[in-house]
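S.K.:
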Amino acid sequence: MGQRLFSEYSVAPVPRNLIPSLDPSKPQVLWLGCCDSGYDETTTLDLFPDEMIVVRNIGNLALGTDLTWASAVQHAVDNLQVDHIIVCGHYGCGIIKTDPVVGIHFPWQKEVDSLLSTHQKELENLSVDDRNRYLVQVNVVKQMQLVRDLLEVIYPGEHRRIDIHGFLYDRVRDRADRILLNR
Ligand SMILES: [Zn+2]
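Counted from 1, the sequence shown has number 24 at position 23 by our numbering; the numbering is strictly sequential.
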């Protein structure tokens, strides 16, 4: 599956200067990645390591019940004044895939199951590889929507706006694409 267009979103390459570097020592991005990616996908942007606060969990899920994630959002947005939140999924994910994953716990399994049932119809028409790639994409879309609904994002304070980005990392091609929401 290449550059595929859906009614809800499209996929396009991430420009390396999407978020320009401002100060090598000041965080400006909160990055939510997957803990089984094993990649240096945070280097897909021309930013210094200290410009990013990185959180990883199973399947890059923005769950309010994940206290590590919830407190990272509060700290990054309220205290460190970051203006960008990136959700980064990755192709080849060991969690976000159509085969049942054995042994991961509630609520993580519940989220994967919910994703599968929501998109069952679209998945039926795809090959196995494309199914898994599609699932990684729609998972990032869903997590972007959850981030958009966070109180810290809705009310970041006067004269501030938090930009939400969805990335898809492809290790085989060593490149990152981004999700562009059509609404
Ligand atoms: Zn993963």
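Where a beta carbon is used, it is the ideal one built from N, C-alpha and C, also for glycine.
Assign Thr43 to one of two classes, buried (16 or more other C-beta atoms within 10 Å of its C-beta) or exposed (fewer than that).
M.R.: What you label residue 43 is simply residue 42 of the sequence shown in a count that begins at 1. Result: buried.
S.K.: Would you be able to state if there are at least three C-beta pairs under 8 Å between the stretch 110-121 and the stretch 81-88?
M.R.: no
S.K.: Can at least three beta-carbon pairs, one atom from the stretch 88-104 and one from the stretch 19-37, be found at a separation below 8 Å?
M.R.: yes
S.K.: Measure the C-alpha to C-alpha separation of Asn18 and Leu46 and round it to an integer number of angstroms.
M.R.: Here residue 18 refers to the residue found at position 17 of the sequence shown. Here residue 46 refers to the residue found at position 45 of the sequence shown. C-alpha separation (whole angstroms): 6 Å.
S.K.: Name, in chain order, the residues that DSSP records as bridge partners for Pro14.
M.R.: One-based indexing of the sequence shown puts residue 14 at position 13. Looking at the DSSP assignment, Pro14 forms a beta bridge with Asp178.
S.K.: Decide if Pro16 is buried, meaning its Cβ has at least 16 other Cβ atoms within 10 Å, or exposed.
M.R.: Indexing the sequence shown from 1 puts residue 16 at position 15. Exposed, by the Cβ-count rule.
S.K.: Have a look at Ser26 and Phe107 and give me their C-alpha separation to the nearest angstrom.
M.R.: In the sequence shown, residue 26 corresponds to position 25, counting from 1. In the sequence shown, residue 107 corresponds to position 106, counting from 1. So the alpha carbons of these two residues sit roughly 37 Å apart.
S.K.: Can you list, in chain order, the stretches of the beta strand (DSSP E) that have 3 or more residues and sit fully within the stretch 8-59?
M.R.: Every beta strand (DSSP E) stretch that sits fully inside the stretch 8-59 and reaches 3 residues is listed by chain position as 10-14, 30-35, 53-58.
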